[in-house]
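Asks:
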Amino acid sequence: MSRKLRSKVRVVSPDRLRKMEAVARVAMLELSTSFRRHVNLTLRDMFVLMSAPRHDDAEWRGKLHELARDLQSVGGSFDYGLLSTIGEVMCRTIQDESLPTDYLLQRRLAAYAAALDAIIRIDLKGDGGNDGQELLSVLKIAPQAA
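Using our numbering, read the sequence shown as starting at 30 and increasing by one per residue.
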């Protein structure tokens, strides 16, 4: 470590470190509550859009993409890897130019939305273990895409 850097770094006492860890744990609990509320509102908005699909409407697809991207982004921060994985695949599907006319893609889109909801409802964290692998298999999402 350089002298200049060493002059700026100080030793943190064990007591101070424990206090910092406690503050961080409380902050994560508060963020976790906010995360659940945010994700539930995002899923609600997604299901409102999906209840009246307009696959050929660019504005509708844009709103749905924004919601899926949001779930993809926050999933990794709170150990919901499957939320990120399926959110990313959903985003790619929304951007697929054949979505307006491809019934199979439209059905997959609905399945991805249902899967995102299920992940939160059953609190499937991380990669979901065996249940997560089974979910990806049912959705026909290859593990390397995950």
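No residue lacks a Cβ here, since even glycine has one placed at the ideal position from N, Cα and C.
How big is the Cα-Cα spacing for E88 and A142?
Replies: Numbered from 1 along the sequence shown, position 59 holds the residue referred to as residue 88. Numbered from 1 along the sequence shown, position 113 holds the residue referred to as residue 142. Straight-line Cα distance between these residues: approximately 18 Å.
Asks: Express the C-alpha separation of M49 and T130 in angstroms, rounding to a whole number.
Replies: Mapped onto the sequence shown, residue 130 falls at position 101. Mapped onto the sequence shown, residue 49 falls at position 20. Distance between the alpha carbons of T130 and M49: 55 Å.
Asks: Compare the beta carbon distance of F107 and S36 with 8 Å and say whether it is the shorter of the two.
Replies: Looking up residue 107 in the sequence shown gives position 78. Looking up residue 36 in the sequence shown gives position 7. No, the Cβ-Cβ distance between F107 and S36 is not below 8 Å.
Asks: Any idea what DSSP makes of I160, helix, strand or coil?
Replies: Taking the sequence shown and counting its residues from 1, the one referred to as residue 160 is at position 131. Looking at the sequence provided, one finds Asp at residue 160 rather than Ile. In the structure shown, D160 sits in a helix (DSSP, three-state: H, G or I).
Asks: Is the region 40–57 touching the region 75–92 in the sense that three or more CB pairs, one from each, lie closer than 8 Å?
Replies: No: fewer than three Cβ pairs fall under 8 Å.
Asks: Relative to the alpha-carbon of G116, which residue among R137, V55, R54 and D86 has its alpha-carbon at the smallest distance?
Replies: On the sequence shown, position 87 is the one that residue 116 refers to. The candidate whose alpha carbon is nearest that of G116 is R137.
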